[in-house]
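Chains as they are written, first to last, in the numbering used here: chain A, 2 to 243; chain B, 2 to 243.
Even glycine gets a Cβ: it sits at the ideal position worked out from N, Cα and C.
This one's a predicted model, so the numbers in the text were calculated from it and none came from an experiment.
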DNA sequence: CGGCGATGTGACAGAATTGTGACAAACCCC
DNA sequence: GGGGTTTGTCACAATTCTGTCACATCGCCG
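So, in structure tokens, the structure goes:
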């Protein structure tokens, strides 16, 4: 869950393939987009950590994409990646809010180094949590088990555990449904309509209800018109060194 | 926290002069250093927001400076600025933790654009108006919560939070209803008549009233026949260390 | 094949949010 | 104080969002 998620917007198949392969081999999760309009949609999704943007694209050019992205996601990191190497273009891209500007041809090494440099500033991996307490419940997210006592225990499904883990790893921060869909389901979701997230939250809440009826501290809080948040009810046992 | 403070480490007088002048003219505060050892000292000082670093320097070369700086100030922003333009050097510099790498010769415009891009990420992030204090209230605009004490808390709706955020971001400046409608609602309003803004202000004022009855410092002031203004009652907490 | 658990969907009721019209209160300038 | 404006607030209706139910689907396993 600690891998950064990168959108690559590039219409030239050979280059896109090369860039994406290099990124994947390095351990990033990559989403590919082949024109400006799709690229913009993907780049706006929740849970995206970096956008690599070509300038000459079908449908919308890179500057248009960047402008629109800046309007909706003002701080999303962007690296422009292009054959347009005139100084005017470079300055224009940077002024519009790009974080770096790499001219083609570029080497994979330099690309990766620059990607890493930008992510170093902007990407904060949530520390991965595997054990959580909630009231008297002991939750093992690795084994997907909830222990209430020696006798009472329950199981979480794979997706339920993944959702809970993501929420808890980002505790005290409101997480949007889109971000969850991106990070847990692994799908870029531009305007997709689904109740899947709500459904899993409901199932989680049911499974996290104390079987002896005691009221629990608030656990999964709804943030209306946005998403959900792991509440302050969760606590963390001393973290074992891994 | 107004002007960013930049250290320029460069032994060649003509270039140093040019770079420093350009930066000063743009409004930055500049500290000049003529060799690696001095540069390192200056760069380690408190209150430095960015270091521009040449690689070929007397006393200590740029890589040595960078390595030592990373040891003592791991996150201080650095842009390498050099005639060594081999890819090996670029990758090496970036891997060592530089934020950007500009090869000579470079133009003042591009230099400034890149300086700005790096500072945008590292220097007083502009969108950090997410935590506000008002009397004993702690307002989290991202989570849309108002905390009065451990037990007393309230929620803000999406629009309420957006309105408050806009007002607070423009504290001490009167904001017209039209401006709010434009920025928060996203609608252009030629002579549109609506009480929506007033209504939300009223609801905000209600939610920002101390539950134990204490009078609060004035928070949202009415500016007659114009709009509203976030008063001096709001304050911004020290940003937590990351 | 048939059962089983997990998962996603459509539907719908209930809840929260939001904008409006109406009207009283406050304000401003003479 | 009076007349014209502007603002605060109430009740309510319209709209949007969430919680949840029943059900179809899918993969898995015997």
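Residue environment, residue i, which counts as buried when at least 16 other CB atoms sit within 10 Å
i                     : result
residue 28 (chain A)  : exposed
residue 188 (chain B) : exposed
residue 237 (chain A) : exposed
residue 144 (chain A) : exposed
residue 63 (chain B)  : buried
residue 127 (chain B) : Low confidence applies to residue 127 (chain B): its pLDDT is 46, below 50, so where it sits in the model is not reliable, and the reading given next is rough at best. So residue 127 (chain B) counts as exposed.
residue 84 (chain B)  : exposed
residue 193 (chain B) : exposed
residue 22 (chain A)  : exposed
residue 89 (chain B)  : exposed
residue 201 (chain A) : buried
residue 224 (chain B) : exposed
residue 156 (chain A) : exposed
residue 179 (chain A) : buried
residue 48 (chain A)  : buried
Beta-ladder partner(s) of residue i, from DSSP
i                     : result
residue 83 (chain B)  : B:104
residue 229 (chain B) : B:176, B:223
residue 8 (chain B)   : B:32, B:52
residue 139 (chain A) : A:134, A:148
residue 156 (chain A) : A:146
residue 236 (chain A) : A:134
Cβ-Cβ distance between residue i and residue j below 7 Å
i                     : j                     : result
residue 43 (chain B)  : residue 6 (chain B)   : no
residue 168 (chain A) : residue 207 (chain A) : no
residue 209 (chain A) : residue 198 (chain A) : no
residue 248 (chain B) : residue 141 (chain B) : Lying outside 2 to 243, the shown extent of chain B, residue 248 (chain B) is not represented and no answer is given.
residue 40 (chain A)  : residue 66 (chain A)  : yes
residue 175 (chain A) : residue 228 (chain A) : yes
residue 163 (chain A) : residue 185 (chain A) : yes
residue 95 (chain A)  : residue 102 (chain A) : yes
residue 61 (chain A)  : residue 38 (chain A)  : yes
residue 205 (chain A) : residue 165 (chain A) : yes
Residue i: CB within 6 Å of a non-hydrogen atom of the ligand ZN
i                     : result
residue 143 (chain A) : Ligands in the displayed structure: none, and consequently the ligand ZN is not present.
Anticipated Cβ contact below 8 Å, residue i with residue j, distance rounded
i                     : j                     : result
residue 36 (chain A)  : residue 78 (chain A)  : Contact doesn't hold; Cβ gap of about 21 Å is too wide.
residue 54 (chain A)  : residue 81 (chain A)  : 5 Å
residue 138 (chain B) : residue 148 (chain B) : 7 Å
residue 130 (chain A) : residue 170 (chain A) : 5 Å
residue 8 (chain A)   : residue 58 (chain A)  : Not confirmed; about 13 Å, so no contact.
residue 68 (chain B)  : residue 97 (chain B)  : 6 Å
residue 183 (chain A) : residue 46 (chain A)  : 5 Å
residue 122 (chain A) : residue 123 (chain B) : 6 Å
residue 154 (chain A) : residue 161 (chain A) : 15 Å between Cβ atoms; not a contact.
residue 111 (chain A) : residue 115 (chain B) : So it is not a contact: roughly 15 Å between Cβ atoms.
residue 177 (chain A) : residue 159 (chain B) : Not really, about 12 Å apart at Cβ, beyond 8 Å.
Given a limit of 7 Å on CB to CB distance, which residues of the region 100 to 115 of chain A reach chain B?
100, 101, 108, 110, 111, 114, 115
Against chain A, which members of the region 141 to 153 of chain B pass a CB distance test of less than 8 Å?
143, 144, 145
Quick one: which residues of the region 118 to 129 of chain A get their C-beta closer than 9 Å to a C-beta of chain B? List them in chain order.
118, 119, 121, 122, 123, 125
Taking only beta carbons into account, state which residues of the region 203 to 236 of chain A come closer than 9 Å to chain B, listed in chain order.
222, 224, 225, 226, 227, 230
Output needed in chain order: residues of the region 167 to 196 of chain B with a Cβ under 7 Å from some Cβ in chain A.
none
Closer than 9 Å, Cβ to Cβ, to anything on chain A: give me those residues from the region 58 to 84 of chain B, in chain order.
76, 78
Contact list for the region 7 to 33 of chain A against chain B, Cβ threshold 7 Å
none
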